[in-house]
Amino acid sequence: MPMALRHPSHRRILSLDGGGLRGLSSLLVVERIMEETGKIAGRNTPVRPCEVFDMICGSSTGGLIALLLGRLGLECSVAIEAYKNIVGRLMGEEPQPFWDRLLSGSGDHGSDKERQYEEQVKALVGTYGGTSLFQMPSPGGQHCK
Numbered sequence: 001m002p003m004a005l006r007h008p009s010h011r012r013i014l015s016l017d018g019g020g021l022r023g024l025s026s027l028l029v030v031e032r033i034m035e036e037t038g039k040i041a042g043r044n045t046p047v048r049p050c051e052v053f054d055m056i057c058g059s060s061t062g063g064l065i066a067l068l069l070g071r072l073g074l075e076c077s078v079a080i081e082a083y084k085n086i087v088g089r090l091m092g093e094e095p096q097p098f099w100d101r102l103l104s105g106s107g108d109h110g111s112d113k114e115r116q117y118e119e120q121v122k123a124l125v126g127t128y129g130g131t132s133l134f135q136m137p138s139p140g141g142q143h144c145k
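Numbering (UniProt numbering), first residue to last: 1 to 145.
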């Protein structure tokens, strides 16, 4: 249920760009916005972005964050820990950015990294979502897409 009544034709959209580890800064900014939103709403519990935004989308790591905040409906603090966990596992110890390694095939083979990324996303869905990513939420449930 949306936090505030608004005109039915108005939509709140959160768009997140990529940027590798810089995605963490996006999460921290959203977390701060949600803290202030909670204060304004007089809430004692954390406000989840999926309660405020009708749609959360992103590219690259922004897409991963959109999955965490929108589709899985996580609180920002939980999403931050999940993000650090998955990015840490995928980036490894090498100084070369994960996405550069994935696209160039240097280091580990790109297909191995793609498979690892897919496995990590499926594990996240299993841990926090319980259903397939491609299955739409049931009517009356979480409203964020």
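Quick reminder that beta carbons are idealized off the backbone N, C-alpha and C, glycines included. Nothing here was measured: the structure is a model prediction, and the numbers come from that model.
Exposure label - residue i; buried when at least 16 CB within 10 Å
{"i": "Ala41", "result": "exposed"}
{"i": "Glu51", "result": "buried"}
{"i": "Arg71", "result": "buried"}
{"i": "Lys113", "result": "buried"}
{"i": "Gly23", "result": "buried"}
{"i": "Gly126", "result": "exposed"}
{"i": "Gly88", "result": "exposed"}
{"i": "Pro2", "result": "Its pLDDT being 48, under 50, Pro2 is placed unreliably in this model, and the value from its coordinates should be taken loosely. Exposed is the call here."}
Distance CB(residue i)-CB(residue j) smaller than 7 Å
{"i": "Leu37", "j": "Val29", "result": "Before going on, a small fix: residue 37 reads as Thr here, not Leu. For Thr37 and Val29, no; Cβs fall outside 7 Å."}
{"i": "Ile62", "j": "Leu27", "result": "First, the amino acid is wrong: residue 62 is Gly here, not Ile. Not a contact, by the Cβ cut-off of 7 Å."}
{"i": "Ala79", "j": "Leu68", "result": "yes"}
Whole-number beta carbon distance between residue j and residue i, since they are thought to touch under 8 Å
{"i": "Ile124", "j": "Ala82", "result": "The amino acid at residue 124 is misidentified as Ile; the sequence shows Leu. About 6 Å; that satisfies the 8 Å criterion."}
{"i": "Ser60", "j": "Gly129", "result": "Not a contact, Cβ separation roughly 20 Å."}
{"i": "Leu74", "j": "Gln120", "result": "That pair is no contact at about 15 Å."}
Residues of its chain near residue i, where Cβ-Cβ distance is below 7 Å and the 5 sequence neighbours each way are ignored
{"i": "Arg66", "result": "Correcting the residue identity first, residue 66 is Ala in this sequence and not Arg. Cβ neighbours of Ala66 beyond the five flanking positions: Leu16, Ile56, Cys57 and Gly58."}
6 Å Cβ shell around residue i - same chain, five flanking residues per side excluded
{"i": "Arg115", "result": "none"}
{"i": "Glu31", "result": "Cys76"}
{"i": "residue 166", "result": "With the chain covering only 1 through 145, there is no way to say anything about residue 166."}
{"i": "Ile86", "result": "Gln120"}
Contact set for residue i: own chain, Cβ-Cβ below 8 Å, skip 5 residues either direction
{"i": "Arg11", "result": "Asp54 and Met55"}
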